[in-house]
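I have placed the structure first, in the form of structure tokens, so that the comments after it can refer back to it.
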Amino acid sequence: MAAGKVDPVHQFTIEPLFGTDHWSLAGYNIAFTNSALWMAITTIVLVVFIGGGAKQSLVPGRWQVAVESLAGFVDNLLQSNIGDAGRKYLPYIFSLFTFILFSNLLGLLPLALVGVHPFTATSHFTVTGVLAVMSFAIVLVVGFWKHGLHFFSLFVPHGTPVLMIPIIFPIELISFLVRPFSLGLRLFVAMMAGHVLLEVLSGFVISGTNAGALTFAIAAVPSFLLMIGICALELLVAGIQAYVFALLTCVYLNDAENLH
Amino acid sequence: MPQIAQLATTYASQIFWLLVCFGVVFFVVGRGLLPKVTGTIDLRDRQIAADLAAAEAARSAADAEEEAWRANANRQRAAAQDAIAKAKVEAAAHTAARLAEASDRIEQTLAAADARIGNARAAALTEIEAVAVDAVQDIAARVAGLSVSPDQAGEAVKGVLAHG
């Protein structure tokens, strides 16, 4: 990579912080990295935000309304997808939705202006994969706990002709087993793509400006305008991807809870 | 792509810190703070529903009260009308009785007066007869020099009076 060029994926590099790179647990390295730092920041911001809104006053203030509408939104999501049985999953789905949402949004903060580099933990498939596997594991546990081996009837849609069952069953099984991968990869890809796109466009702005007035006018300025639009789009994507992750987890939980 | 290039060296740290952070979020936010938030929402919803129900009950109570008051007022008005009608009938009967009494008295007075007038007229006629008889005797004595007995004179007077 030549000097002065922008490396669009450098922002995803994980670096151990505070000299903790030798920390280990049972032989595994658990260095406190920049990724861990931003997950911790997400956690702290989330606890402060929800804690500030858990004032339990009957006539709520602005902060309490914000937290209550967020909780009401997730509650509604569960209610409409699973029904009354969905209430018991509220702590998990709410934690999942808010954690992903806050990670996505904090990773978009323009902190580079003050020399700090935000890190989007959800742009790593090790992170999104763990979240997806966690959701999938809950679906499996709930499904087999509630329905036992009858849970396998999920792979034979209602009304399938007997002759078709040997063909339908593997297809449904594969589509079921692909779920954790699609769940984790979707969030990872959406987050990474947006950040890479912004970085590439900022590279155009920098090299276009350095190369002279003509390239400044035809490359740097349009790229900069596009960046402004894409920043707004990325804020939308941050919310949508968190919503999609929570929604799909609800849909899968509904399969486990109610079969179909 | 660092996600793949650094996978072998960082996956344990990534998974460990994610589980720590998400665990804190799940237990502190999901299990600790969220029930307070949803509890407050449920409490408020229940309170609103209870307040609405109470208002509805109060309104139907007020409606029933008004209905009862209206029925009571109607009953009292009807009773008052009855009392007025009864009083009117009584007053009319009383008036009629007083009138009858008064007209009886008037008739009695009139009859008494008539009787007195009749007596007076009879007395007067008798007096006129006596006077006429005297006058006949006087006239007969003075004009014809006849002495007419009172009986004869009486006959004559009666005859003239009877013929008018």
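Respectively, the protein sequence lines represent chains A and B.
Residue numbering for the first sequence follows my numbering, starting at 1057 and increasing by one per position.
Residue numbering for the second sequence follows my numbering, starting at 121 and increasing by one per position.
The beta carbon of each residue, even a glycine, is placed where N, CA and C say it ideally should be.
Can a CB atom of chain B be found closer than 8 angstroms to the CB of residue i?
{"i": "T1176 of chain A", "result": "no"}
{"i": "G1015 of chain A", "result": "The shown model of chain A, from 1057 to 1316, leaves out residue 1015 of chain A, and the question about it has no answer."}
{"i": "A1059 of chain A", "result": "For A1059 of chain A, the predicted model reports a pLDDT of 43, less than 50, meaning its position is unreliable and no value from the coordinates is stated."}
{"i": "V1245 of chain A", "result": "no"}
{"i": "F1181 of chain A", "result": "yes"}
{"i": "L1102 of chain A", "result": "yes"}
{"i": "F1150 of chain A", "result": "yes"}
{"i": "F1301 of chain A", "result": "no"}
{"i": "N1160 of chain A", "result": "no"}
{"i": "L1253 of chain A", "result": "no"}
{"i": "L1186 of chain A", "result": "Reading off the sequence, residue 1186 of chain A comes out as Val, not Leu. Yes, contact with chain B."}
{"i": "P1213 of chain A", "result": "no"}
{"i": "P1236 of chain A", "result": "no"}
{"i": "I1070 of chain A", "result": "yes"}
{"i": "Y1308 of chain A", "result": "no"}
{"i": "V1218 of chain A", "result": "no"}
{"i": "P1064 of chain A", "result": "no"}
{"i": "M1095 of chain A", "result": "yes"}
{"i": "Y1145 of chain A", "result": "no"}
{"i": "D1131 of chain A", "result": "yes"}
{"i": "L1081 of chain A", "result": "yes"}
{"i": "N1090 of chain A", "result": "no"}
{"i": "V1194 of chain A", "result": "What sits at residue 1194 of chain A in the sequence shown is Ile, not Val. Chain B contact via Cβ: absent."}
{"i": "A1110 of chain A", "result": "yes"}
{"i": "I1138 of chain A", "result": "no"}
Just curious, the alpha helix (DSSP H) that residue i is in, first and last residue?
{"i": "L1254 of chain A", "result": "1221-1266"}
{"i": "E1124 of chain A", "result": "1118-1137"}
{"i": "V1195 of chain A", "result": "1181-1203"}
{"i": "H283 of chain B", "result": "270-283"}
{"i": "F1074 of chain A", "result": "Premise fails: F1074 of chain A is in no alpha helix (DSSP H) and is neither H nor E."}
{"i": "H214 of chain B", "result": "154-263"}
{"i": "S133 of chain B", "result": "127-144"}
{"i": "G1142 of chain A", "result": "It is not in any alpha helix (DSSP H) - G1142 of chain A carries neither H nor E in the DSSP assignment."}
{"i": "A1087 of chain A", "result": "Premise fails: A1087 of chain A is in no alpha helix (DSSP H) and is neither H nor E."}
{"i": "D1311 of chain A", "result": "1277-1314"}
Are any of the Cβ atoms in chain A nearer than 8 angstroms to that of residue i?
{"i": "D138 of chain B", "result": "Reading the sequence as shown, one finds Leu at residue 138 of chain B and not Asp. Taking Cβ atoms only, chain A reaches closer than 8 angstroms to L138 of chain B, which makes this a yes."}
{"i": "A132 of chain B", "result": "yes"}
{"i": "L153 of chain B", "result": "yes"}
{"i": "V157 of chain B", "result": "yes"}
{"i": "R166 of chain B", "result": "no"}
{"i": "Q201 of chain B", "result": "no"}
{"i": "I135 of chain B", "result": "yes"}
{"i": "I161 of chain B", "result": "yes"}
{"i": "L127 of chain B", "result": "yes"}
{"i": "M121 of chain B", "result": "yes"}
Since residue i and residue j should fall inside the 8 angstroms C-beta cutoff, what is the C-beta to C-beta distance between them, to a whole number of angstroms?
{"i": "F1155 of chain A", "j": "V145 of chain B", "result": "5 angstroms"}
{"i": "G1185 of chain A", "j": "G1240 of chain A", "result": "4 angstroms"}
{"i": "S1151 of chain A", "j": "V157 of chain B", "result": "Actually they do not touch by this definition, with Cβ atoms about 13 angstroms apart."}
{"i": "L1146 of chain A", "j": "L1157 of chain A", "result": "Their Cβ separation, rounded to whole angstroms, is 16 angstroms, which puts L1146 of chain A and L1157 of chain A out of contact at 8 angstroms."}
{"i": "T160 of chain B", "j": "Q1112 of chain A", "result": "5 angstroms"}
{"i": "L1081 of chain A", "j": "F136 of chain B", "result": "7 angstroms"}
{"i": "V1261 of chain A", "j": "S1279 of chain A", "result": "5 angstroms"}
{"i": "V253 of chain B", "j": "A273 of chain B", "result": "4 angstroms"}
{"i": "V277 of chain B", "j": "E249 of chain B", "result": "6 angstroms"}
{"i": "N1137 of chain A", "j": "V1307 of chain A", "result": "6 angstroms"}
{"i": "F1105 of chain A", "j": "V1121 of chain A", "result": "Actually they are not in contact, since the Cβ atoms of F1105 of chain A and V1121 of chain A sit about 13 angstroms apart, beyond 8 angstroms."}
{"i": "A255 of chain B", "j": "V268 of chain B", "result": "With a Cβ gap of about 11 angstroms, A255 of chain B and V268 of chain B do not count as contacting."}
{"i": "V1183 of chain A", "j": "L138 of chain B", "result": "5 angstroms"}
{"i": "L154 of chain B", "j": "A1294 of chain A", "result": "The pair is not a contact, with the Cβ atoms about 21 angstroms apart (cut-off 8 angstroms)."}
Who are the near neighbours of residue i in its chain, counting only those whose CB is closer than 6 angstroms to its CB and skipping five residues on each side?
{"i": "A205 of chain B", "result": "none"}
{"i": "A1312 of chain A", "result": "V1195, V1198, G1199"}
{"i": "P1236 of chain A", "result": "A1188, V1189, F1192"}
{"i": "A1059 of chain A", "result": "Bear in mind that the predicted position of A1059 of chain A carries a pLDDT of just 43, short of 50, making it unreliable; the figure below should be weighed with that in mind. So the list is empty, once near-sequence residues are dropped."}
{"i": "I1070 of chain A", "result": "T1089, S1091"}
{"i": "F1301 of chain A", "result": "I1156, L1243"}
{"i": "F1153 of chain A", "result": "V1130, A1298, A1302"}
{"i": "L1281 of chain A", "result": "none"}
{"i": "L1165 of chain A", "result": "P1174"}
{"i": "N1310 of chain A", "result": "N1137, I1138"}
In chain order, what residues of the same chain lie with their CB nearer than 8 angstroms to the CB of residue i, ignoring the 5 residues before and after it?
{"i": "W1094 of chain A", "result": "S1159, L1162, G1163, P1174, F1175, T1176, A1177"}
{"i": "F1232 of chain A", "result": "L1210, F1211"}
{"i": "T1098 of chain A", "result": "F1155, F1158, S1159, L1162, A1177"}
Excluding the 5 residues flanking residue i on each side, which residues of the same chain have their C-beta closer than 7 angstroms to its C-beta?
{"i": "H1251 of chain A", "result": "Q1067, T1176, S1179"}
{"i": "S1258 of chain A", "result": "V1062, M1283"}
{"i": "E1255 of chain A", "result": "V1062, P1064, Q1067"}
{"i": "L1304 of chain A", "result": "L1239"}
Please find out if some non-hydrogen atom of the ligand FMN comes closer than 7 angstroms to the beta-carbon of residue i.
{"i": "Q201 of chain B", "result": "Judged by which ligands are present, the structure shown has none, so any question about the ligand FMN falls away."}
Near-chain C residues of the region 1112-1124 of chain A - C-beta to any C-beta below 9 angstroms
No chain C is present in this structure, whose protein chains are A and B.
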